[in-house]
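In my numbering, the protein residues as written are 1 to 94.
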């Protein structure tokens, strides 16, 4: 399982997801879709132009399956992705 923070959505869709898929990984991007970001987040950003930063999670598709991801419009600083070990997955190895 690989977790990334502060990726750009374009990099995820055009670069990361295709490359990771070729290596046997599935992935999900989670974007903070709240219309009004908390003031602390606005002030912490060094970037003046709008950026589309996301959190991303990748997992080996032959070992795990996505159960659900949490609607990020209701969260503040957490990335939540729920995975389950596939029943036919071999538990030996990594």
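Cβ coordinates follow ideal geometry from the N, Cα and C atoms, glycine included. Since this is a predicted model, take the numbers as computed values, not measurements.
Query raised in the report: Whose C-beta lies closer than 6 Å to the C-beta of residue 98 among residues of the same chain, with five residues either side of it excluded?
Result: A query on residue 98 cannot be resolved here, the shown segment of the chain reaching from 1 to 94 and no further.
Requested in this report: Tell me whether residue 80 sits in a helix, a strand or coil according to DSSP, three-state version.
Outcome: Looking at residue 80 - three-state DSSP - the assignment turns out to be coil, as it is neither helix nor strand.
Query - Residues of its chain near residue 7, where Cβ-Cβ distance is below 6 Å and the 5 sequence neighbours each way are ignored - result: Correct list, in chain order: 54, 56.
**Report entry** Between the CA atoms of residue 80 and residue 14 - distance to the nearest angstrom
**Finding:** Whole-angstrom Cα-Cα distance: 23 Å.
Query raised in the report: Of all the CB atoms in chain B, is at least one closer than 8 Å to the CB of residue 82?
Result: No chain B is present in this structure, which holds just one protein chain.
**Report entry** Inter-residue spacing [alpha-carbon to alpha-carbon] between residue 58 and residue 87
**Finding:** Looking at the two C-alpha atoms, the distance is approximately 19 Å.
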